[in-house]
Amino acid sequence: MLSLPIFLVASVVKIVLVIFILLTAVAYTVWLERKVVGHMQNRWGPSRVGPFGLLQPLADGVKFLLKEDLTPPHVYRPLFIAAPMIAVICALTSISVIPFGTAIPVAGHIIPLQITDLNIGLLVILGVTSIGVYGVALAGWSSNSKYSLLGGLRASAQMVSYEICLGLSLVGVLIVSGSFSLQQIVESQRGYFWGFIPKWNIFYGCQFVAFFIYLMAAYAETNRIPFDLPEAETELVAGYHTEYSAMKFAMFFMAEYANMITVACLATILFLGGGNGPLFGPPLLRLILPTFYFVAKVFVFLFTYIWVRGTLPRFRYDQLMAFGWKFLFPLAIANLVVTALVVAYRS
Amino acid sequence: MTPSLHLWLIPILPLIGAAINGFFGRRLSRQTVSAVALTFCGAAFLMGLYVAARFPSLELPHAEYLGHWIRSGNFMVNFEFYLDQLTLVMLLVVTGVGFLIHIYSVGYMWEEGGFYRFFSYLNLFMFFMLTLVLAGNYLQMFIGWEGVGLASYLLIGFWFTKDSAASAGKKAFIVNRIGDFGFLIALFLLIKHFGSLNFSQLFSSIAQQPAETAGVGLLTSIGLLLMVGAAGKSAQIPLYVWLPDAMEGPTPVSALIHAATMVTAGVYMVARSHVIFGHAPNALTVVAIIGTLTALFAATIGIAQTDIKKVLAYSTVSQLGYMFMACGVAAYSAGIFHLMTHAFFKGLLFLAAGSVIHAVGGEQDMRKMGGLRQYIPWTFMTMTAATFAIAGFPPFAGFFSKDEILARAYEANPAYWFIGVTTAFITSFYMFRLWFMTFFGDYRGREAAEHGHAPAHGHGHGGHGDPHESPMIMLVPLMILAVLSVIGGWVGIGGRFEHFLSPVFGEGATAVATEALSRSTEITLMVISVVAAVLGFYLAYVLYLKRPELPQKIADSLGGLYQAVVNKYYVDEIYGDLFVKPLVDGSTRILWHGVDQGVIDAAINDTADGARHVSDSARQMQSGNVRSYAGWVAVGAAVIIAYMIWMGVR
Amino acid sequence: MLHLVLFLVFGAICVAGAINLLVQSHPISSALSLVVVMASLAVEYLLLGAEFVAAVQVIVYAGAVMVLFVFVIMLLNAGVEERTKGSRVALILGIPGVLAGGLLVAWVLIERTGTATVGLGALPGFPKTIGNLLFHDFLLPFEVTSVLVLIAIMGAVVLASRPEPKNPEKES
Amino acid sequence: MVPVSYYLILSGILFSCGVIGFLIKRNIITIFISIELMLNGVNLSFVAFAAQWQHLSGQVFVFFVMVVAAAEATVGLAIIIAVFRTRETLNVDHVNLLKL
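Quick note, the sequences are listed as chains A, B, C and D, same order. In terms of the working numbering, the numbers along the first sequence are unbroken and rise by one, the last being 421. In terms of the working numbering, the numbers along the second sequence are unbroken and rise by one, the last being 657. In terms of the working numbering, the numbers along the third sequence are unbroken and rise by one, the last being 325. In terms of the working numbering, the numbers along the fourth sequence are unbroken and rise by one, the last being 212.
If you want it as structure tokens, here you go:
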């Protein structure tokens with residue numbers, strides 16, 4: 075047990091570190107996306123700023139900061155300003171319960187690589203993301219513009235709908251793991267069965283159906299292609315952030331990519347075994363390897379995101395709703411029932 | 008234990024027919040409807056024949072138990088069917104005559120609207136009548152009893168658009184209710200004192216009781232009440248008034264229900280209850296007196312009637328009187344014998360009359376007929392057989408049964424016999440009057456038709472032109488019944504019929520009675536009754552064929568008496584003034600204006616007015632505004648909380 | 154001490170949100186005020202140890218039900234409340250009635266609960282124990298509410314679906 | 113240590129605010145929001161009592177309240193949409209007839 079001052083210091087350090095890493099990750103996820111999609115579409119992507127365009131995110135950030143912050147007339151000002159803040163705060167908050175790896179000893183104290191381990195950690199993430207809807211919805215409404223309003227409407231309906239599937243797909247994992255604590259969920263996936271297959275939930279818990287549902291719902295929750303209806307450029311200009319510019323727009327941008335990363339982390343923890351992997355080498359390597367595995371899995375997941383974006387066209391809105399309610403939802407329920415039966419049989 | 012004969016099938020078959028025709032008949036063709044009706048009725052008849060064939064091998068009385076019906080404490084009523092010699096006779100008469108009349112009806116009703124309705128009712132009647140006959144206890148009998156009343160009501164009012172038919176139906180129903188009331192009270196008395204309605208249990212327990220020779224005891228009361236029921240159903244004084252009016256129904260109905268079967272239910276019931284009557288001689292005397300008086304009374308009315316069916320109706324009442332007379336002198340088998348022969352010849356008379364009416368296009372007034380024997384020879388011949396049978400000419404069926412009744416009546420009390428012979432003479436007279444007026448002389452219907460008198464019924468054909476013979480489908484039943492009218496009485500020669508029924512009514516009573524009369528007396532009585540019949544024939548011949556102007560003169564000279572007879576002794580009017588009018592007036596003044604409008608309606612109206620006044624003020628609260636409702640709720644909640652706290656504090 | 158401070162802070166946010174709900178004339182402001190009230194109530198639940206209730210409060214209430222409200226407000230494009238003269242009953246009778254009733258209830262509660270106090274996290278409501286209670290002791294009510302929810306879903310679909318326009322050409 | 117009565121008073125305040133909102137608000141959606149506020153106030157008292165009597169059924173009851181509130185919200189909002197469609201107003205003072 076840590077003493078209070080050390081706990082506070084450790085927490086502050088961890089928070090700063092996590093936010094820094096997260097924002098950097100966001101910036102370079104954007105770069106990665108532009109680069110990968112560029113290559114997929116047979117062009118170069120950013121290449122001028124720095125080697126391989128690596129400094130492009132920095133240039134973007136400077137541009138966002140220096141641009142004129144324009145507030146159109148007729149908007150509902152308080153909410154117009156509050157909306158991007160809500161979005162970005164929710165996006166950053168949910169990362170706080172993610173364990174990035176095993177605990178590491180620092181100056182004689184065991185510090186877990188996680189800001190806080192709540193025993194309802196998963197529920198916190200769900201709660202915070204569900205609050206995140208307000209950012210998008212209110213942005214759309216307060217802009218007092220038809221495109222924005224439509225985008226906001228679509229966003230709120232879509233996110234509420236897919237949140238149900240998301241939640242249901244997680245319940246299967248919870249049944250297998252028997253805990254809401256992310257740390258414990260990761261713990262429960264340690265080891266192998268049949269000698270070589272890792273005991274990840276996606277394999278051992280037979281949660282591949284749930285993983286598929288989670289994948290779909292996560293794309294929808296983060297408004298990514300093929301579910302990016304709220305900001306569909308071809309129909310709604312830019313959807314709920316049509317009227318935003320400069321730093322406020324950057325906040326939405328950040329929120330979206332932060333959410334992507336959170337979702338990827340969550341998928342890694344829940345389905346892909348978190349930081350679990352073969353440990354070898356000297357003690358220091360053994361400490362770092364879990365984090366490496368974790369980051370690698372997240373990267374794979376993020377790459378899939380980008381890959382899908384480069385591959386699939388956008389859904390039509392009624393297709394989106396039908397897909398969510400008539401396909402994913404029953405599938406999630408069926409998966410839940412089967413998982414419950416299997417677990418009941420095993421015990 | 009004798010094997011089950013499935014007696015329940017006999018009543019159920021016509022019920023199925025009735026259900027099919029009643030529910031689906033509207034959509035079926037006439038051919039199908041008649042096929043259904045005839046099939047199920049014929050099947051019941053075949054079942055009757057089957058039962059008769061198995062009869063000698065049965066252990067009698069044969070009872071078949073189907074299941075519980077009512078159970079209340081020790082009192083129990085079952086569904087059961089009961090078969091003995093009496094039942095068998097009735098069964099064959101009802102199904103046989105009924106089947107013939109069904110066949111006849113197909114021809115007679117072919118042109119009528121509501122064809123399926125008619126056959127549905129007719130089959131329904133068969134169901135109830137067979138239930139009545141086969142019943143194993145009084146309550147089941149009562150079902151049949153009420154059911155035939157219902158069927159009778161429906162069929163009398165078959166042409167319900169005609170006002171007279173509808174009211175005749177109502178009259179029959181209401182008058183029957185009076186009789187049913189007596190029957191029902193008798194049943195209650197039986198339940199109260201004997202705890203059972205089952206025939207065998209009841210009769211064996213009654214048989215142990217001493218006979219009530221003097222005064223009015225329990226059994227006498229029961230007997231008298233049963234007689235009230237019988238009088239209602241079988242049209243005896245004072246409840247006979249419905250039967251003549253019942254002639255508003257289609258003629259086959261008159262033949263089946265109001266001549267051959269239903270009206271004899273009273274006789275059957277009295278015969279079935281002979282144990283009760285045997286223990287209540289006073290009640291039996293009443294039965295005899297009522298029967299005798301009815302026979303004479305109805306016969307005298309029959310003299311002056313001009314409607315062919317009305318004559319036959321009064322004749323039926325009179326003949327039923329004979330049967331009651333027979334029962335009244337404890338000659339049940341004679342009564343049942345007469346019941347059987349009467350079913351043959353009276354059924355035939357009605358059917359033939361129907362054929363006549365059919366021939367002349369719906370005309371029922373005999374004064375507009377005449378000379379019909381050339382036009383409708385078959386009808387004429389069958390009708391002749393029936394007329395001779397009812398008049399009591401040997402060797403026709405009526406002679407044997409009537410003679411036996413008269414002999415037994417003489418033995419009991421010569422006064423009965425004297426009235427009986429007089430009635431026989433009158434019967435002979437009015438029947439031959441009908442015969443002569445209808446079939447002899449010249450046809451008088453033509454000028455009436457030419458004067459534009461519309462036919463009474465809507466028969467589509469034959470309204471104009473010459474009378475014509477009926478189709479074969481109507482004539483065949485007539486012929487069969489004619490044969491039966493001739494030979495039907497022969498089963499009674501030498502007391503065979505009595506002997507057959509003796510297990511039911513007791514060997515002793517009949518055997519002793521037949522021997523009590525010396526051979527010479529018997530022959531004398533027989534001769535006298537034949538002479539009375541011949542006299543009647545001769546008188547009718549003189550008055551209605553030789554000198555047709557005489558009847559009018561006689562009528563004029565008789566004056567008031569004749570008027571009284573023509574108007575049926577004003578019985579309907581007296582009943583009207585005595586019972587109907589006070590009832591209607593009382594209902595109108597006291598019950599309708601006083602109680603209903605003054606008390607019940609007024610109470611409701613005032614309540615409604617009060618409610619309206621109160622709600623007029625209260626509805627101000629119901630503004631439709633949700634927020635004001637919420638305000639009321641808030642205040643109410645505060646009041647309730649305060650009350651609960653106050654109660655809790657105390 | 155920390156408990157009391159946290160309680161007072163979030164209680165104050167609650168009350169402020171509730172009063173803001175009353176004062177604001179735009180429905181969306183009222184709805185967001187309620188979200189604030191709910192979020193701070195979730196903190197109050199956490200203080201009482203009911204962490205699962207707190208999480209569900211945020212996920213279901215704040216995250217789903219209120220989003221639905223906001224969605225409907227946006228859908229119907231509801232503007233600022235108009236001033237109409239409705240019922241005076243609500244103002245003259247209702248508000249005094251509420252206040253009287255509220256005071257009475259408060260008095261009784263304070264009388265009855267006396268000086269009982271609860272500590273921080275007084276009754277930890279772990280998901281497992283709550284699940285046990287819900288699926289054993291309260292199984293029947295749980296099933297009944299599931300039926301209720303099903304009925305509510307169907308009712309909402311029926312109510313909100315636009316009636317099919319009568320189009321004779323389409324039918325034929 | 114915080115007295116239970118504090119929680120109860122907070123719950124009472126929230127409930128009363130809900131009722132007053134119901135009484136004074138004219139927008140049907142705001143009225144509905146007030147109802148939710150009332151339910152929240154009651155939930156707080158359930159949880160507080162659960163803590164006082166050390167029995168979890170109070171918390172379980174909160175779940176039932178939430179479920180009922182969710183069901184009520186769906187149906188209620190559907191009704192509001194239907195009402196708005198036919199009357200084109202959200203002001204309850206204008207919605208005082210059962211039938212148009």
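The C-beta atom is built at its ideal place from N, Cα and C for all residues, glycine as well.
message: Rounding to the nearest angstrom, what Cα-Cα distance links B/H471 and B/G368 in this structure?
response: Because the pLDDT of B/H471 is 48, which lies under 50, any placement of that residue in the model is unreliable, and the number read from its coordinates should be weighed accordingly. Whole-angstrom Cα-Cα distance: 7 Å.
Would you mind listing the alpha helix (DSSP H) stretches within the stretch 77 to 153 of chain B that are 4+ residues and don't spill past its ends, in chain order?
92 to 115, 122 to 141
Report task. Confirm, please, whether the CB-CB distance from B/A158 to B/F135 is below 8 Å. Result -> yes
8 Å Cβ cutoff met for B/A5 and B/A540: The requested residue 5 of chain B does not occur in the structure, where chain B is confined to residues 8 to 657.
Please name the residue in A/Q188, A/G313, A/R151, A/A84 whose C-alpha comes closest to that of A/T167.
A/Q188
### Message
Quick check: is the beta carbon of C/E296 nearer than 8 Å to any beta carbon in chain D?
### Response
no
query: Is it true that the CB of B/A359 sits closer than 8 Å to the CB of B/L485?
result: yes
By DSSP, does A/V149 sit in helix, in strand, or in coil?
coil
Under a CB-based cut-off of 8 Å, is C/F288 close to chain D?
-> no
What residue range is occupied by the uninterrupted alpha helix (DSSP H) comprising B/L233?
-> 225 to 240
If contact is defined by three or more beta carbon pairs under 8 Å, each pair taking one atom from either stretch, is the stretch 136 to 149 of chain D in contact with the stretch 258 to 278 of chain C? no
Thinking B/L226 and B/A193 are a contact (beta carbons under 8 Å), I'd like their distance in whole angstroms, please. Between B/A193 and B/L226 the Cβ distance is about 10 Å, and since that is not below 8 Å, they are no contact.
Q.
For a test of the three-state rule: what should DSSP assign to B/E71, helix, strand or coil?
A. strand
Query raised in the report: Is there contact between the stretch 228 to 244 of chain B and the stretch 168 to 188 of chain B, where contact requires at least three CB pairs shorter than 8 Å?
Result: yes
Nearest CA to the CA of B/V642: which residue from C/S299, C/L257, C/P180?
-> C/L257
Next on the checklist: Below 8 Å, how does it come out for the stretch 343 to 359 of chain A and the stretch 379 to 392 of chain A: are there three or more Cβ pairs, yes or no?
Outcome noted: no
Quiz item: Along the chain, which unbroken stretches of the alpha helix (DSSP H) at least 4 residues long are found entirely within the stretch 190 to 223 of chain C?
Solution: 204 to 209
Does the beta-carbon of A/I184 have 16 or more other beta-carbons within 10 angstroms, so that it is buried, or is it exposed?
exposed
#### Entry: C-alpha distance - B/H13 paired with B/Y57, whole-angstrom precision
11 Å
- Message: My output table needs one value for A/I271: the three-state DSSP class, helix, strand or coil.
- Response: strand
Is the Cβ of C/V251 closer than 8 Å to any Cβ of chain B? yes
Pair every Cβ in the stretch 35 to 47 of chain B with every Cβ in the stretch 108 to 125 of chain B, then say whether three or more of these pairs are closer than 8 Å. yes
**Prompt:** Residues of chain B with CB under 7 Å from D/F134, in chain order?
**Reply:** A637
Name the chain C residues whose beta carbon is nearer than 7 Å to that of A/G201?
A208, V211, I212, G216
Q: Enumerate in chain order the residues of its own chain whose CB-to-CB distance from C/F288 is below 8 Å, with the five nearest sequence positions on each side excluded.
A: F295
Checklist entry - Mind pulling the chain D residues with CB within less than 7 Å of C/S183? => result T142, I145
Q.
Here's the rule: buried if 16 or more other CB atoms are within 10 angstroms of the residue's CB, otherwise exposed. What is B/H600?
A. exposed
- Message: Just verifying my parser: in three-state terms, what is the DSSP assignment at A/V86?
- Response: helix
So, are the CB atoms of A/L106 and A/G195 less than 8 Å apart? no
Spatial neighbours of B/A461 within its chain, please: C-beta separation below 6 Å, excluding the five flanking residues on both sides.
Because B/A461 sits at a pLDDT of 43, beneath the cut-off of 50, its placement in the model cannot be relied upon, and the point is left open.
Checklist entry - Residues bridged to B/D608 by DSSP? => result Looking at the DSSP assignment, B/D608 forms no beta bridge with any residue, so it has no partner.
### Message
Considering only the alpha carbon of each residue, which of B/M481, B/I229, B/P10 lies closest to B/I71?
### Response
Checking the sequence, you will find Glu at residue 71 of chain B rather than Ile. That would be B/P10, whose Cα lies nearest to the Cα of B/E71.
Checklist line | Neighbour list for D/L209 in chain B, Cβ cutoff strictly below 8 Å | finding: G631
Check your understanding: Secondary structure at A/P356, three-state DSSP: helix, strand or coil?
Key -> coil
Report task. Could you tell me whether the Cβ of B/A625 comes closer than 8 Å to any Cβ of chain C? Result -> no
Verify the CB distance criterion: does C/L221 have a CB-CB separation below 8 Å to chain A? yes
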